Structure formats: structure tokens, C-alpha cells
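The block underneath contains the structure these notes are about, expressed in C-alpha cells.
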């Protein structure tokens, strides 16, 4: 059996990669001889994915262009054969996130919707772990129409309610696929010691490179992070502050989506005394390795939702700087952790340094209520993981039915 899994482009986005890992692993455990085709950007991405799901047969759904004339001719033949294989795959799984929303451009959204409509007339399309919308104008109606022949699993109840309000009849509730164990996550317990870190003696900060999702003023954004770090550096509750990259684009260092954009600037500005407490981790690593670092810290402050998910999965608190509805759905309501979510997509909050003050209040809250928070996190994450397991089991059964 062949399955085509889409929206895994960049495995250096640890969040989307984690969702792919858990999905592929679950299906692979339930089927013999399944071949997974994936839309990763490069052979390097493919090898990274393979190293996280060791016994799965995973292949790229794309052949790279080349300037070599002989290779061009060979690749043309290979491409024709590969496209024929892809065209004949009946089961297509599109991994969530919030790609089917207006956050990343209306033209891109409408193009994707029309493509899914056309494809769902001929194939079984499964949309798993999605936060869809919000849609403006008539785009909610367009989304409902274009996706009517697909099978949808949202990643939170709030999003399911939203889709039902738009009269979607084919949506079911689920949770984010990263809320279960990664098959290799306990193979990298040396990652913490590699950076001279000790369990619970450091905290992790993930400053997102998606600056414009929060404010159009880059200086305001960096200043608030610097303020947060300087205040934290005075605490005696932990010894080190880790600045962790969670999303990068290796070929474009200064990409707007690359966390190094923010981390490198922060490191330039920090004074020497504060830098003595900082460990900046901007080397690419596997999602399992990143989870190990996040999970061994005392707590996390993050602008990337999935670094929060990994922290919670490892039963530690995470403060999330939210820029979209996915935070309130997945973390706020999904884990009943609204007290750790800061709605941060507001120019004024960054301009007047209110963000750094709000983060300080949340840090105080965590330190005062640490044990009770950890106990609550354990209960909520256990419940959430069971929902994900059930969701994936249902997907496996749906694929099994479609192949009869």
C-alpha cells in the first residue's frame, strides 16, 4: 500500500515534523509493506524524517532540478515514473497546522482550497490535526464547499465548533498529533549534557522569527525579549537560560520564518554579564532532541506553539506568546492552560513593553504554583494523548476500509 503525506515540507520546523513522525509511526505499526511518499523540500529533510521513524519506508514525492545535462535527461524519465506513481495513490493525508487559514495569505489559501476540491473528487483526502480559519468574507463558504468531500479532524474542540457554525458536516474533533510520544525521544538523553545543562537547572526561551505576526516593529520585538531575558537572569531559581531555535530554513538564514533571525539579534544586544547565563542553541537538531532539551528545563517561554506542546508533553509548564487562535484552542482550552497563554498579537503591547511585564507575571505565577501546575499538566496531557491515539486509530481504520 502507498500513502502520500503532504505539508511536511520543512523538517527543520520541529512542530510540523513531529506531527509527521507520530502519524507515520502509527500507520507503520498497523500495516505491513506500506510505502510513504512525502513532500519534503530536500533529501536532507527526507533523511531527517527517516532517522525519527527508523523502520518506515519513506520516499520523496519530488525529484530535484539539476544543471547537469545528463542528470536532467535521467531525472526527466525518473520524474515521469514518479508522477505516475503519485497520481495512482488513492490515500492522501494532509497534516495540520494552520495552513488552511488566512494567516499566510488569502491567495495561497484559495489556491489550496481549489486544489483540494479537485483532488477530493478522485481520491481519499484526510485532513488531520488542523486549525482551520478564521475565514472572512465568503471564504468560509468557499472552504466548506471545497472541502466537502474530505475527512477532517480538527486539533481542538473550539475549531470544530467554528467549522460546525459554518455548516461543515464532515469534521470531527481531535488533538494536535505532537501530543504523543516520539519513537526516538528517549534516545537523545545525552543532548542535555552536550550543552552542559542539568535537569531543572535551566529554562528555555523560544523567540519566534515570525516577528510580523506580533508587531511590525522589529526593534520593539527584540527589546521586549531582551527585557524578559535580563529580568530572568537575576533569578536564583535556575542557573542557565537557553535560547532554542525551533523553526529554521537552512537555505535562507535571514528568512522571516527563521528563529535565528530573532535569537542572533538578541545575542548581539545582551550585555556581557547577562550573556554569562545564556546558552544559545541555533544548531539544527532533530525534533526528538529538541523535545529532550525542552522537557528537562524548569519551564519554557515560547513564541512557537509546538515547543510549548513538547514542554507540556514532558510534564513541564510553558508560557505561550500567542498570535493566532491555535494557541487558545490547542493549549488554552485543550489543556485548560489559558492562564499560561498571553495574547500577544498587538502592536501596543510591544511598543510600551507590556509584553515583558506580562511574561514576568506569568513566570511568578509558575514559580508560586509549580507543583500544582505540573500535577494538572500531567492529567490534562494524559487525557489529550488518549484522544490523539484514538484519532490516529480511527484514521487507520478509515484507510483500511477504503482499501477493501
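Residue numbers (the numbering used here): 572 to 975. Glycine is no exception: its CB is placed at the ideal position from the N, C-alpha and C atoms. Quick caveat, the model's predicted, so the values are computed rather than measured.
### Query
Can you check whether the CB of residue 746 is closer than 8 angstroms to the CB of residue 882?
no
### Enclosing alpha helix (DSSP H) for residue 950 [first to last residue]
941-973
### Task
Count the other C-beta atoms from every protein chain shown that fall within 10 angstroms of the C-beta of residue 595, then say buried if there are 16 or more, exposed otherwise.
buried
### Task
State the Cα-Cα distance for the pair residue 761 and residue 959, rounded to the nearest angstrom.
28 angstroms
### Query
Where does residue 898 sit, in a helix, a strand or coil, going by DSSP?
helix
#### Entry: Range of the contiguous beta strand (DSSP E) that encloses residue 871
871-873
### Task
For the beta strand (DSSP E) holding residue 722, just list the boundary residues, first then last.
722-725
### Residue from 730, 965, 710 with nearest C-alpha to residue 677
710
### Integer Cβ distance of residue 775 from residue 713, believed to fall under 8 angstroms
In fact, because the Cβ distance is near 40 angstroms, the residues do not count as touching under 8 angstroms.
### Task
Say whether the stretch 666-683 touches the stretch 699-707, bearing in mind that this needs 3 or more beta-carbon pairs closer than 8 angstroms, one atom from each stretch.
yes
### Query
Just the Cα atoms here: how many angstroms apart are residue 945 and residue 951?
10 angstroms
### Query
Given a threshold of 16 other Cβ atoms within 10 Å of its Cβ, counted over all protein chains shown, does residue 702 qualify as buried or as exposed?
buried
### Message
What does the Cβ neighbour count give for residue 862, buried or exposed, with the cut at 16 atoms within 10 Å?
### Response
buried
### Message
Please return the same chain residues whose Cβ sits closer than 7 angstroms to the Cβ of residue 730, not counting the five positions on each side in sequence.
### Response
702, 703, 900
### Query
Nearest to residue 978 by alpha carbon, out of 683, 582, 821?
Given that the chain is displayed from residue 572 to residue 975, the structure contains no residue 978 and the question cannot be resolved.
### Task
State the DSSP-derived secondary structure class of residue 764, mapped to helix, strand or coil.
helix
### Task
Report the partner residues of residue 608 according to the DSSP bridge assignment.
575, 630
#### Entry: Alpha carbon of residue 940 to alpha carbon of residue 798, nearest angstrom
23 angstroms
### Minimum C-alpha distance to residue 611 - residue among 579, 623, 637, 603
579
### Query
Nearest-angstrom Cα distance between residue 688 and residue 715?
10 angstroms
### Query
Do residue 890 and residue 872 have their C-beta atoms closer together than 8 angstroms?
yes
### Message
Give me the residue from 902, 848, 837, 926 with the minimum Cα distance to residue 809.
### Response
848
### Message
On a Cα-Cα basis, can you pick out the residue from 780, 576, 942 that is closest to residue 629?
### Response
576
### Task
Taking the CB atoms as reference points, tell me whether residue 744 and residue 666 lie closer together than 8 angstroms.
no
### CA-to-CA distance, residue 796 to residue 925, given in whole angstroms
11 angstroms
### Task
Verify whether the separation of the beta carbon atoms of residue 720 and residue 691 is less than 8 angstroms.
yes
### Query
Is the beta carbon of residue 766 less than 8 angstroms from the beta carbon of residue 869?
no
### Query
What do you reckon, is the C-beta of residue 971 under 7 angstroms from a heavy atom of the ligand MN?
For the structure depicted, the ligand MN is absent and the ligand set is empty, with no information on it obtainable.
#### Entry: Neighbour-count burial assignment, residue 725, 16 or more Cβ in a 10 Å radius
buried
#### Entry: Endpoints, beta strand (DSSP E) assigned at residue 828
Here residue 828 belongs to no beta strand (DSSP E), and DSSP marks it neither H nor E.
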